[in-house]
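Residue numbers (this note's numbering): 195 to 296.
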C-alpha cells in the first residue's frame with residue numbers, strides 16, 4: 195500500500211518440462227505494473243514497455259537461456275477502488291541449458 199508508484203511486481207510463475215529434443219522447461223510468468231496516475235496512460239505505457247523489452251528477447255543466466263520468449267497476453271484495467279490502474283503482461287518462455295561451448 196505504501197509503495198512508490200509506478201512499480202512492477204512479479205506474480206504467478208509456473209514451470210513444467212517440455213517434451214522436445216534436448217529437453218527444456220516451459221516457464222509461464224505474470225508481470226503486473228501498478229500505477230496511481232489519474233487515467234490509464236501510464237499503465238498502458240508500462241504494458242507496452244514490458245512487451246517491447248521482453249517479447250522475442252534472448253536472456254541468459256546461470257547456465258540457462260531462453261529458446262523462445264513471447265508476450266502472450268496484455269491488459270490494462272482500473273482497480274475496484276479507482277485509485278490504481280493495473281497493467282498485466284503474461285509471458286511464455288522455453289528455457290534450455292547452455293552447453294560449455296554454448
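Glycine is no exception: its CB is placed at the ideal position from the N, C-alpha and C atoms.
Residue i versus residue j: straight-line alpha-carbon distance, rounded
i	j	result
residue 274	residue 238	18 Å
residue 292	residue 258	5 Å
Local Cβ density within 10 Å of residue i, reported as buried at 16 or more and exposed below that
i	result
residue 198	exposed
residue 253	exposed
residue 263	buried
Minimum Cβ-Cβ distance from residue i to chain D less than 8 Å
i	result
residue 293	Here there is only one protein chain, and chain D is not present.
DSSP state of residue i mapped onto helix, strand, coil
i	result
residue 245	helix
residue 236	helix
residue 292	coil
residue 199	coil
residue 277	coil
Extent of the continuous beta strand (DSSP E) run through residue i
i	result
residue 259	258-272
Can you confirm whether the segment 205-220 touches the segment 230-244 when touching is taken to mean that 3 or more C-beta pairs between the two stretches lie within less than 8 Å? no
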